[in-house]
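Note sheet for the following structure.
In the working numbering, the protein residues as written are 43 to 377.
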């Protein structure tokens, strides 16, 4: 196969169960970016632990974020990345990993709130101002995230764009970035609890998922019903093993339809669970937060600023942790 930039690329060997596990490729751009993201997140956790030893960054959030980075690595560097340009159904598996699975895990890791907790002025103030700015507010609006997600799915799979992706490595890298960004913009307002202006209720989260499900279903059904290979770049490879080009397209449509809807159902279940657990959890959290606020105001003289959660106000959180640290030092002196 010859790429759009004139570089000949040999087809990979026939996909087997063994090769699916053992065959990997080197993607320097992906690996460098993943390592940078992992390092910055770890540095942020260390900063939070250093400033507030009694309140370290939650391990479950960190596990979710690093799991998201692992999904990105597998999608781009494992056999999924090796066969992405040879088998369309493998490309669809990669698509789901990059636009749904990885963004969901990264969003739950709450990297933006970690950035706020780990940074100090002037970086802290600048980041908060950016996250609350009009452009970010518009971009993270659910009414923007759903159309962006829909456009990414339809434009890259129901047009001739796939021919460009298969033959142009730079277009392929852009497609991968598009999937991650579109997935994050779609999921962050509903499932992220990041320091942006949008934070959806459980019913709104379910509606957000329901609005996007027909997009995946429609795309999958169209691919299942096609009667010819829609992308000449796959035919030009003259692959001698595996499914026929048309069967490959049908398998890819099934992956899109069944796989994407399955992930969407998981999101709906998560939203339902949070909805059912919210009243009991909120009653307990309201009592705990009120106790923290009362103690904070009595001991430090910090006035209430309208927030009901100490953790959502950086100044009060710092004052609260300073007070806890002073209590710990006092206990140490008494011993």
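C-beta atoms are modelled at their ideal positions from N, C-alpha and C, and glycine is treated no differently. None of these values were measured; they are calculated from a predicted model.
- Remark: three or more beta-carbon pairs, one from each stretch, lie closer than 8 Å, so the segment 110–118 and the segment 65–74 are flagged as touching.
- Residue 248 carries a helical assignment under DSSP once its states are collapsed to helix, strand and coil.
- A residue is called buried once 16 or more other Cβ atoms fall within 10 Å of its Cβ, and residue 208 is buried on that count.
- Distance from the CA of residue 223 to the CA of residue 92, rounded to the nearest whole angstrom, comes to 31 Å.
- Non-local beta-carbon contacts of residue 229 in its own chain, meaning distances under 6 Å to residues more than five positions away in sequence, involve 145, 146, 149 in chain order.
- Under the three-state reduction of DSSP output, residue 214 falls in the helix class.
- Here the C-alpha atom of residue 226 lies approximately 8 Å from the C-alpha atom of residue 141.
- Residue 151 sits in coil when the DSSP states are folded into three classes, being neither helix nor strand.
- When the five nearest sequence neighbours on each side are left out, the beta carbons in the same chain lying within less than 6 Å of the beta carbon of residue 251 are those of 306, 309, 310, in order along the chain.
- Between the alpha carbons of residue 122 and residue 164 lies a distance of about 42 Å.
- The beta carbon of residue 312 is closer than 6 Å to none in its chain, skipping five residues each way along the sequence.
- In the DSSP assignment, residue 293 falls within the unbroken alpha helix (DSSP H) covering 287–296.
- For the set 268, 192, 296, the Cα lying nearest the Cα of residue 257 is the one of 192.
- Leaving aside the five residues that flank residue 242 on each side, the residues in its chain whose CB is nearer than 8 Å to its CB run, in chain order, 184, 231, 232, 250.
- Of the residues assessed, residue 137 falls on the buried side of the cut-off, its CB having 16 or more other CB atoms within 10 angstroms.
- Three or more Cβ pairs closer than 8 Å define a contact, and the segment 272–279 meets that threshold against the segment 201–215.
- It is roughly 28 Å from the alpha-carbon of residue 57 to the alpha-carbon of residue 197.
- When the beta-carbon positions are compared, residue 128 and residue 65 stay at least 9 Å from each other.
- For the pair residue 261 and residue 299, the CB atoms are nearer than the 9 Å cut-off.
- In the assembly as shown, residue 81 is an exposed residue. Its beta-carbon has fewer than 16 other beta-carbons within 10 Å.
- Within 10 angstroms of the beta-carbon of residue 248 lie 16 or more other beta-carbons, which makes it buried.
- For residue 111, the enclosing alpha helix (DSSP H) has its first and last residue at 101–119.
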